[in-house]
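In UniProt numbering, the protein residues as written are 1 to 530.
Using N, Cα and C, we set each Cβ at its ideal position, and we do this for glycine too.
Predicted, not measured: the structure shown is a model, and the values here were computed from it.
One structure below.
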Amino acid sequence: MDLSIPSPLSKASPPSTFLSSQSHKLPRSPCVHYLNFTSRNSSLKKPLVSRQTLPIRAQLSDQTVDDGFALDDVPHLTNFLPDLPSYPNPLQQSQAYAIVKQTFVRPEDVVAQKIVVHKDSPRGVHFRRAGPREKVYFKSEEVRACIVTCGGLCPGINTVIREIVCGLNYMYGVDDILGIQGGYRGFYSKNTLPLTPKVVNDIHKRGGTFLRTSRGGHDTHKIVDNIQDRGINQVYIIGGDGTQRGAARIYEEVEKRGLQVAVAGIPKTIDNDIAVIDKSFGFDTAVEEAQRAIDAAHVEVESVENGIGIVKLMGRYSGFIAMFATLASRDVDCCLIPESPFYLEGKGGLFEFIEERLKENRHIVIVVAEGAGQEYVAQSMHGIDEKDASGNRLLLDVGLWLTQNIKDHFTKERKMEINMKYIDPTYMIRAIPSNASDNIYCTLLAQSAVHGAMAGYTGFTVGPVNSRHAYIPISHVTETQNTVKLTDRMWARLLASTNQPSFLNCDEAIGGKVCKDTIDLINNMKITSI
Ligand SMILES: Nc1ncnc2c1ncn2[C@@H]1O[C@H](COP(=O)(O)OP(=O)(O)O)[C@@H](O)[C@H]1O
Ligand SMILES: O=P(O)(O)OC[C@H]1O[C@](O)(COP(=O)(O)O)[C@@H](O)[C@@H]1O
Ligand SMILES: [Mg+2]
């Protein structure tokens with residue numbers, strides 16, 4: 001007899017269609033190598049397929065893997081330059097690594113993308129573990145490296161620049177490093193800046209990017225012409241999803257021209273919207289800094305009658321900063337993110353919730369991600385679809401829109417006196433230097449990128465996957481965007497912590513339209529998140 005009592009949480013579960021098990025289809029990727037194993041418990045029993053025996057661009061898309069093991073490998077310079085000589089890694093002589101038990105990463109070391117498994121799970125996708133290799137494909141004195149930063153700012157960019165320069169110099173004896181100024185267009189429109197450990201010594205203490213940045217201006221041919229003309233053979237590209245797409249174009253062109261140039265991407269995004277990696281650098285710093293704005297809002301609204309505080313945080317398509325800042329704070333009553341449509345009026349709507357909280361606590365704090373509710377803002381502001389130089393949609397100010405709508409509702413319709421405080425700290429958060437833990441993270445990213453390029457890997461992005469740094473094909477990280485999954489537990493944790501409405505109240509939603517949009521969105525997410 002089953003005496004167990006159903007968990008009260010089971011009521012809150014989304015409909016079963018949301019929880020349907022995912023198929024074992026792997027995402028389309030040209031570089032995935034599938035290896036079958038005799039035993040699931042064995043470690044790597046078969047050697048990884050070497051590039052000589054398996055074409056790197058083998059079309060193995062949409063394969064169904066049963067008990068298979070897949071290595072989503074990164075390209076190597078020897079794929080298109082098979083006679084490239086290799087040399088012993090100078091780290092063999094390094095004092096820093098003198099007593100390290102295992103200086104070099106074993107070629108068969110890989111990092112699993114999926115870490116929660118059950119005994120019948122397929123082995124799934126793996127990435128090459130990042131770190132120094134026994135052999136390098138560049139003589140130190142022949143390396144001419146360059147570093148470029150593109151896209152929006154993010155805390156920690158300067159630390160990454162510093163550590164690439166110091167890593168190349170101290171670990172590999174490279175002293176020819178150029179800074180490309182002002183983003184991609186700097187390759188062909190600006191002079192380079194010589195970078196030495198001395199020049200970059202204390203840049204990590206400053207926010208922004210020492211090399212400056214820009215949007216737009218990616219001209220692959222002009223960039224690669226310039227790389228060729230200047231004799232650059234290692235390119236370190238720090239930037240977000242757009243930048244990584246640009247890096248992939250550069251790598252492809254370099255390969256087409258058969259140049260011995262390693263292209264390494266270091267993912268940067270304050271929005272944490274880059275797929276595969278655990279989180280992006282600067283994200284922790286941003287969440288921490290957001291607390292100051294939330295605290296200020298809370299102090300303000302707690303001190304007045306019917307105080308309503310609204311804090312707008314960054315997050316164009318992904319509400320991670322808002323979600324984590326809310327979870328960290330405990331002073332936030334409601335968090336609105338782009339992934340979770342909301343509505344204002346009627347049962348289960350935001351106005352009703354605000355009124356309840358005002359009755360209960362006499363104040364309320366709302367955190368809104370900049371990309372939230374854009375469709376509603378556009379309806380009332382008749383915004384035109386403007387884009388920035390990189391082609392990203394320019395967002396309308398959801399904070400101002402929300403402020404105005406709440407004011408109108410309570411003062412005009414409900415005849416209630418309210419005290420509205422709107423705080424927009426977005427650029428202040430983005431412009432600060434990284435905190436201690438992000439600084440360490442940036443150091444690891446930079447050193448991993450340097451080890452990878454020296455080892456001849458190219459067309460890769462570096463980043464932690466389940467806490468282990470890995471080399472990930474650029475194409476893999478640009479295929480999808482990392483967004484908050486409403487069907488994952490983290491969003492449920494937030495709802496449980498704030499006790500805010502989920503805005504999924506289908507039957508009672510005004511007009512039903514918002515509700516239908518929401519369900520469509522979640523259903524689409526179910527498909528795309530496989
Ligand atoms: N699909 C693409 N192909 C080539 N370059 C791109 C692409 N998308 C964006 N870029 C370039 O990458 C740089 C940064 O992109 P942007 O979207 O502004 O920032 P982020 O990289 O932070 O997402 C810009 O110079 C832009 O021209
Ligand atoms: O005003 P800017 O500099 O274009 O930046 C605004 C945008 O940059 C972001 O921080 C994201 O930038 P990236 O895509 O460059 O990482 C968004 O959150 C924000 O909408
Ligand atoms: Mg971007």
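Since Tyr471 contacts Arg128 with CB under 8 Å, what's their CB separation in whole angstroms? 5 Å
Problem set entry | Reference Ile157; option with closest CA among Thr483, Asp488, Cys442, Ser189 | Cys442
Is Leu394 buried or exposed, if buried means 16 or more other CB atoms sit within 10 Å of its CB? exposed
query = Just to confirm, does Gly319 get its C-beta within under 6 Å of one of the non-hydrogen atoms of ligand 2?
reply = no
Residue nearest to Lys347 in terms of C-alpha spacing, selected from Arg249, Gly173, Pro501, Phe187 = Pro501
Item to complete: Could you tell me if the beta carbon of Asp241 falls within a distance shorter than 6 Å of some heavy atom in ligand 1?
Response: yes
Discussion item. One question on the structure: do Ala369 and Ile406 come within less than 7 Å of each other, judged by their Cβ atoms?
Written reply: no
Going straight from the alpha carbon of Glu305 to that of Arg362, what length do you get? 6 Å
>> Which residue marks the beginning of the alpha helix (DSSP H) containing Lys407, and which one marks its end?
In response: 398-407
Expected contact under 8 Å - CB spacing of Cys150 and Gly239 to nearest Å | 4 Å
(message) Distance check for Gly217 and Ser390, CA to CA, integer angstroms please.
(response) 8 Å
Exercise. Since Tyr251 is in the alpha helix (DSSP H), which residue starts that stretch and which ends it?
Worked result: 241-257
Taking 6 Å as the line, does the beta carbon of Arg249 fall inside it for any heavy atom of ligand 1?
yes
- request: Output the distance between the C-alpha atoms of Arg212 and Arg430, rounded to the nearest integer angstrom.
  value: 14 Å
Check: If you check the beta carbons only, do Val437 and Asp284 fall under 7 Å apart?
Finding: As written in the sequence, residue 437 is Ser, which differs from the Val given in the question. Yes. Within cutoff.
Check: Roughly how many angstroms lie between the CA atoms of Leu84 and Val143, to the nearest whole one?
Finding: 14 Å
Margin query: Less than 8 Å between C-beta atoms, sequence neighbours within five positions excluded: which residues of the same chain meet that for Leu400?
Written below: Tyr422
Separation of His126 from Val110, as counted between CA atoms: 6 Å
Quiz item: On the three-state DSSP scale, how would you describe Phe351?
Solution: helix
Report task. Report the residue ranges of all beta strand (DSSP E) runs contained in full by the stretch 470-510; include only those spanning at least 3 residues, in chain order. Result -> none
| task | Examine the Cβ distances between the stretch 267-281 and the stretch 307-326 and report whether three or more of them are shorter than 8 Å. | result | yes
Helix, strand or coil at Met420 according to DSSP, with G and I counted as helix: strand
Would Leu486 and Ser380 qualify as a contact pair, given that the criterion is a beta-carbon distance under 7 Å? no
Note to self: Tell me the DSSP secondary structure of Gly265 in three-state form.
What the structure shows: strand
Notebook entry, point to check: Is Tyr87 closer than 7 Å to Val136 when the C-beta atoms are compared?
Noted result: yes
Hey, would you say Ile161 sits closer than 7 Å to Leu168, going by beta carbons? no
- Item | Contacts around Thr159, its chain only, beta-carbon distance under 6 Å, and the 5 residues preceding and following it disregarded | His204, Ser434, Asn439, Cys442
- Message: Any contact between the stretch 112-126 and the stretch 95-102? By contact I mean 3 or more CB pairs, one from each, below 8 Å.
- Response: no
Note to self: Let's see if you can read the secondary structure: which residues bound the alpha helix (DSSP H) around Thr103?
What the structure shows: Neither: Thr103 is in no alpha helix (DSSP H) and is coded neither H nor E.
- Message: When you compare the CB positions of Ala455 and Arg133, do they come within less than 7 Å of one another, or not?
- Response: yes
query: In terms of DSSP beta bridges, what is Val199 paired with?
result: Answer is none; Val199 lacks a bridge partner.
### Message
At the level of alpha carbons, what is the spacing between Val301 and Ile364?
### Response
7 Å
Checklist entry - Taking DSSP as the reference, what is the three-state secondary structure of Asp72? => result strand
Item to complete: May I ask you to list the residues that DSSP assigns as paired with Gly124?
Response: Phe69
If contacts are defined as beta-carbon pairs under 8 Å, then Tyr188 and Asn226 qualify, I think. What distance do you get, rounded to the angstrom?
5 Å
Practice prompt. Check the DSSP bridge columns for Phe460 and list the partner residues they point to.
Written response: Ala264, Pro473
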